[in-house]
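This report refers to the structure that appears directly beneath it.
Residue numbers (the working numbering), protein chains in the order written: chain A, 1 to 314; chain B, 1001 to 1393; chain C, 2001 to 2190; chain D, 3001 to 3106.
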């Protein structure tokens, strides 16, 4: 279950690409970075079936007749990636039992936050609760990007989206984010984790490998910046991720067999406005007179960070 | 040889499932199909079946998981009724367009509004344009036989479409009646192993299912899918012919009962057609030339063939156990009337909505209906061609 | 025997009227009859009045409607006499069987002037004596078999013994009790 | 299935002018990674350029490329795959050694 080999960045980068180029995701798409690197965590030679909820990724990575997947791939709809892959995994058990297939397969499915936090939550919950040996990866870009930046339950508070526009009497999305990782942990599955793109992405690779090679269901939540929806220059993706982590807006942690583990604690926690100011979707927060909104945002980040630390220290 | 038994429709279909021994069955309980997943779970619990049962959290997930399993290379099935089918709706289309030969044992029950658990065909009729093959049963025997033939049609290389085998909720699913079963080994041989050409778990060849397709591909894809449906007509007949050899029971796209010389015909679907047969016998004894056309295969729709079989009739009542809210009759009424028109039929036609939400239909109801047809044949359709039977006015 | 026998059962949810109807279908099937056994469908709730039906024939049964003019009616719970029109449509050349400890004269007033035969049986007494518990369906089953002449009672007992032996292979005492209940019912129904 | 049938279903033979009879059933694809045949490099407005003099082969740029357009061979990165690189510029900031820069145009 544990990755036995030590982390070897160069070896991972030398692995054959499992997400082929030629997909039609936006230039600079964070979701694609998440998918590519999760798939890199598969051991070379291991077979996999990749699932996918409808979303940006799906319409761009399997646009007939072009598939970007080097493995078998299935998409069926928006809200059912969990159920669809659970059917594939069960077929694997059935066919293996009958001796019809010999190879070992891994099962990984991807969904955006719309397909995961919202419309696909029931299907995901069912698949996790039933204990299928699969990994559900949410590339969380915090809105329904495929349909044009509508709010989701993963959208951060005060974000300006096309269904929570900041206006003369609105400050953007009134609610704060749903804590999906906690919901997944509450399923008491063997492995749940949250990460994003930091440094050499060791955190992401280690978690993806654990998720893939842990027997039973696993859930990975990966913050995947969307330059279009968040309104920043794609080239700044590296900075945005770093700031999300250093401000404790996006903590990196995992829940292993019920034990909460904080994987990174900033030496000096940065104010959340450092993260917010980089993104056009929070522009209205920086208007004079709106300082209190940033304070509210900061309070929410602080509260959640303390709560997480308590869970991890318990 | 054949095994004489008595079983309810649900027991019979569960028994067929056991004999066919499919690979994966995701299902969610809903009255009156609930017994099907229960029976299969029991078979699984006692090692009588190799099927992997997935206790999914909704019907949407049953169809999604069935799709995943089917695409992966497994023989998959599910069972449902009414609102359960409605919750699958979106996925019905996706399963069909992905050309996945899933079987769905449907126990017909009305769609909610108001909530009711009894027999009606509004569930499957609503799904009639989803791209699924649809075959209907009059009784437990036909429900059993239809399920045994199901995969042979669905998996046929010229078809490759999912199939819905339908029986009437409660009336068929829960009534114990005589049935003749086929020996396990004969069924096994008849159905055969599922050897898909392409599947996700093919170690030699990766596969991708469910693309986004631009308009320049979509219309062509839909036309190709329609061809599978058209091809299914002949495949249904071929499979039925082979089935006759192991069962001695003959099936066509529809059944004709005393229709050869009939002047007045009823056309309908399901258990009430058995009741109609009793009425026909009584009328025939009085010299009235009554006949019946019972639809078995509704998708593909054998319009031309039915129109030909009805060519000699003076008056026809097309029965719909379903209100389509078109303000113009039910689905069978609409489709068959159009087929009769194309066949230049001179018959007087009425469309009768009956049996909604389990409203009982009796032998005398049919006797009265034939009486009305006799009148219409002479005097023409007086009131409206679209009417209700057994309704309190 | 009549060419087609139609029976309507009245009971309360949980009393086993539906089970009894299905058991009757079973034994009739075992002697080569065509059968139907089905409840009137709806959400089944403990205590609520329920109806179940049997058709038994030498020929194939195609009709799938409920039974409106039964040859026989079985009332598993006499308290239903006051709330359900149990003799509705019942053929005059048929009969009604009521589970009661009361004399027939006390039952007749509840039958809305039904002119056919009335049979009674105290299924509670039979069941308590034979099984030590109140399961009315076995006594009622034996009684209706006898009254309807749907089959020879000896043949019926042989079939029941065979099927109960199979069902209660590991509980010989239950088999014995049930057989006793059937025997007693055949004697007691009047 | 004969060979002509198999090659008919190759992605390279599927295009928007073929008959409905020649499409794969259910629009399934029986190959892997066929999107390589779709040249997203045409989308590029600005182009990353690597200075191999400055490049230390740390490979940190590689995982950040959303377009799998930084090929690695024998533990070393090669030049960009300009057939597919969309020119997002993330690699420029991912490089700790300033070895990648953007130039205007293709």
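Here a beta-carbon is modelled for each residue, glycine too, at the ideal position from N, C-alpha and C.
Residue 274(A) carries a helical assignment under DSSP once its states are collapsed to helix, strand and coil. For residue 1067(B), the chain A residues whose C-beta falls within less than 7 Å of its own C-beta are 76, 84, 87, listed in chain order. Look at residue 195(A) here: in three-state DSSP terms it is strand. The DSSP-derived three-state label of residue 2137(C) is helix. Of the candidates 3010(D), 3089(D), 3031(D), the residue whose Cα lies closest to the Cα of residue 3050(D) is 3089(D). In this structure, the alpha-carbon of residue 3057(D) lies about 6 Å from that of residue 3077(D).
Straight-line spacing of the CA atoms in residue 1184(B) and residue 1298(B) works out to 28 Å. Residue nearest to residue 312(A) within the set 289(A), 304(A), 261(A) is 261(A) (criterion: CA-CA distance). Annotation: the continuous alpha helix (DSSP H) that includes residue 2160(C) extends over 2153-2167. For the options 1386(B), 1206(B), 1321(B), the alpha carbon positioned closest to that of residue 3033(D) is the one of 1206(B).
For residue 277(A), no Cβ of chain D is located within less than 9 Å of the residue's own Cβ. Under the Cβ criterion of 9 Å, residue 3059(D) is not counted among the residues facing chain B. DSSP places residue 2034(C) in the uninterrupted beta strand (DSSP E) bounded by 2034-2039.
Among the residues facing chain A, residue 3049(D) is not included, as its CB has no counterpart in that chain under 9 Å away.
Between residue 59(A) and the set 3035(D), 3091(D), 3085(D), the nearest pair of CA atoms involves 3035(D). With respect to chain D, the C-beta atom of residue 170(A) has no partner C-beta closer than 9 Å. Under the Cβ distance rule, residue 38(A) does not count among the residues neighbouring chain B, no pair being separated by less than 9 Å.
The three-state secondary structure of residue 1212(B), taken from DSSP, is strand. A Cβ-Cβ separation of about 20 Å leaves residue 232(A) out of contact with residue 199(A) under the 8 Å criterion. Contact with chain D is found for residue 1207(B), since one of that chain's Cβ atoms lies less than 9 Å from the residue's Cβ. Residue 141(A) and residue 224(A) have their alpha carbons spaced roughly 5 Å apart.
Below 8 Å, enough C-beta pairs join the stretch 2092-2105 of chain C and the stretch 2066-2083 of chain C to call them touching: three or more. For the stretch 1236-1298 of chain B, the continuous alpha helix (DSSP H) assignments of 4+ residues that do not extend past its boundaries occur at 1272-1285, in sequence order. Per DSSP, residue 3009(D) lies in no alpha helix (DSSP H) and is assigned neither H nor E.
Annotation note: the stretch 242-292 of chain A contains the following uninterrupted beta strand (DSSP E) runs of length 3 or greater, listed N- to C-terminal: 253-256, 259-262. Three or more Cβ pairs closer than 8 Å define a contact, and the stretch 1384-1391 of chain B falls short of that threshold against the stretch 2117-2126 of chain C. Counting only the Cα atoms, residue 1160(B) lies some 13 Å from residue 1094(B). If only uninterrupted alpha helix (DSSP H) runs of at least 4 residues are considered, those enclosed by the stretch 141-217 of chain A are 180-185, 202-213. Excluding the 5 residues flanking it on each side, residue 1074(B) has same chain C-beta neighbours closer than 6 Å at 1023, 1024, in chain order.
For the pair residue 235(A) and residue 31(A), the CB atoms are not nearer than the 9 Å cut-off. One thing to note: residue 2186(C) has its Cβ within 9 Å of the Cβ of residue 2143(C).
For residue 1092(B), the enclosing alpha helix (DSSP H) starts and ends at 1082-1097.
Counting only runs of 3+ residues, the beta strand (DSSP E) found wholly inside the stretch 1308-1378 of chain B occupies 1315-1320, 1348-1353, in chain order.
With fewer than 16 other Cβ atoms inside 10 Å of its own Cβ, residue 2014(C) counts as exposed. Counting only runs that start and end inside the stretch 19-105 of chain A, the beta strand (DSSP E) elements of at least 3 residues fall at 47-52, 72-75. In the structure shown, residue 3053(D) falls within a coil segment according to DSSP collapsed to helix, strand and coil.
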